[in-house]
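The structure appears below as structure tokens.
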Amino acid sequence: MICANEYTMTIKAVKKSLPAVVGVLISKHLSQLEEELGKNFIKEISFYNYLEKAGLIDEKGMVKVSGCSGFLVARDGYILTNRHVVEDEESTYTVIWQDQAFSCQILARDKITDIAVLKIEGENFPYLPLGDSNKLVLGQTVVAIGNALGEFQNSVSRGIISGLSRRLNTNPEDGGQEFFGLIQTDAAINPGNSGGPLIDLYGKAIGINTAVVLGVENISFAIPINQAKKILFDVRQYGRICRPSLGIRYQIINEKIQKEHHLPFSYGIFIIYGNFPTQRGIIAGSPADQAGLKEGDIILEIDNQKITPETNLVQLLDHYRLGDKIRIKYWRQGAEKETWLELKEGG
């Protein structure tokens, strides 16, 4: 059982957060579905009649194919959701907020973090304040909000943080994609809840609901909100996502690579030797080049943080912004060295 204080805080947090949660309606024109499914298939199952009776097609021939969730993060209509639910560039996306429909712009789709930024026109929208996902602790109570199954608006489920910094490989049988640093929770996240907020008991968004492990109960995942903060800043400041880059081509070092190549370290990244001028290990004029790094160097740490397969270069650089200066510890010809480097946008 939860104590009376936690019970009251949960209710207050949900009440405070609900006005900022939106639905995202995903539609395609009937002609597009005909191309994808085949005209004969549609005719055989009387597809159009079914869509009409179910209320899934409008007078313009737009067919509702699915729905997901999102949440407002600024008064002027900026919305966070998952990239995977708005990845189809041929679909039309409509934001549903308090029974009103808004056309939306998709300002950014980030495959690395599975975060998307949307924008609707208007002012003075209610919005969710963003918490600090770096301060989360195991056992902390959290609440997931969204449109369960794409139909049941404002569905709320409560749970705890079951794990932090989780790695998840989606569809590994097809090559898949690996995500890092995820929040694990036992709060129910159903289809349609993707993109909705995971909030704390103060009504602050601390994550973006993203995935559930099928066939297993009480294991769901959310993207830490701190990953979204930088993306949101970039989109508002530059109109796009700007990722800092060292300007190198490299191989991640692990214990296997260390043994095979008799390297002195089981962590870090090895700047590869380029065989052609267009495939150099260090891009001419890049931050790494300007800092004096060379092919064959092993970069060990960034600002005293080791580079490992679990905490890779992309993850570490994601904490920085363009123009930040970082300290690089590297190994060259039997000696550890240090240099400073100013981050620039990757090409």
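Position 176 of the sequence shown, counted from 1, bears residue number 220 in my numbering, the numbering being contiguous throughout. The beta carbon of each residue, even a glycine, is placed where N, CA and C say it ideally should be.
Here I243 is actually not in contact with V181; their C-beta atoms are around 15 angstroms apart, not less than 8 angstroms. When DSSP states are grouped into helix, strand and coil, P288 belongs to the strand group.
The segment 46 to 61 and the segment 245 to 255 touch, with no fewer than 3 CB-CB distances between them shorter than 8 angstroms.
Apart from the 5 residues on each side of it in sequence, D333 sits with its Cβ closer than 8 angstroms to the Cβ of G291, I326, I327 in its chain, given in chain order. Under the DSSP assignment, Q302 falls outside any beta strand (DSSP E), being part of the alpha helix (DSSP H) whose first and last residues are 299 to 305. The three-state reading of DSSP puts Q142 in coil, since its state is none of H, G, I, E or B. Along the length of the segment 224 to 277, whole alpha helix (DSSP H) runs at least 4 residues long do not occur. In the three-state reduction of the DSSP assignment, L337 falls in the coil class. Across the structure, I343 and I296 are spaced so that their CA atoms are roughly 10 angstroms apart. Between the alpha carbons of E299 and S209 lies a gap of roughly 22 angstroms. Taking C-beta atoms under 8 angstroms as the contact rule, L116 and I159 fail to qualify, at a distance of about 15 angstroms. Taking the Cβ atoms as the reference, S113 lies roughly 4 angstroms from G239, within the contact range of under 8 angstroms. Residue pairing of N213 in beta bridges, as defined by DSSP: E222. With contacts defined by Cβ atoms closer than 8 angstroms, G190 and N237 form a contacting pair. The beta carbon of L226 sits closer than 6 angstroms to those of R210, L212, F265, all from its chain and outside the five residues before and after it, given in chain order. The alpha carbon of W375 has as its nearest neighbour, out of E345, D154, A255, the alpha carbon of E345. Between K369 and L357, the gap from beta carbon to beta carbon reaches 8 angstroms or more. Bridge pairing for T185: I204 [DSSP]. Residue state for Y282 is assigned as helix, using DSSP reduced to three classes. In the three-state scheme derived from DSSP, where H, G and I count as helix and E and B as strand, V129 is classed as coil. Annotation: the continuous beta strand (DSSP E) that includes L344 extends over 342 to 346.
Residue pairing from DSSP leaves R324 without any beta-bridge partner. Each of R371, Q359, M53, I372 was checked against the Cα of Q184, and the nearest Cα belongs to M53. Under the three-state reduction of DSSP output, I156 falls in the coil class, being neither helix nor strand. In the structure shown, I316 falls within a coil segment according to DSSP collapsed to helix, strand and coil. Excluding five sequence positions before and after Q323, none of the CB atoms of its chain fall closer than 6 angstroms to its own CB. CA-to-CA, the gap between V129 and D230 works out to about 22 angstroms.
Around the beta carbon of F277, a 10 Å sphere encloses fewer than 16 other beta carbons of the protein chains shown; the residue is thus reported as exposed. CA-to-CA, the gap between K273 and A335 works out to about 29 angstroms.
Selection N262, I150, Y294, I285 evaluated against P353 yields Y294 as nearest (Cα-Cα). Taking C-alpha positions only, G329 is separated from K338 by approximately 12 angstroms.
Selection I269, L361, G378, G312 evaluated against V161 yields I269 as nearest (Cα-Cα).
For Q359, the enclosing alpha helix (DSSP H) has its first and last residue at 357 to 361. In the DSSP assignment, Q377 falls outside any beta strand (DSSP E) and carries neither an H nor an E. Within its own chain, the residues whose Cβ lies closer than 6 angstroms to the Cβ of S177, once the five positions on either side in sequence are excluded, are I250, P268, I269, N270, listed in chain order.
Secondary structure at S177: helix, using DSSP grouped into helix, strand and coil.
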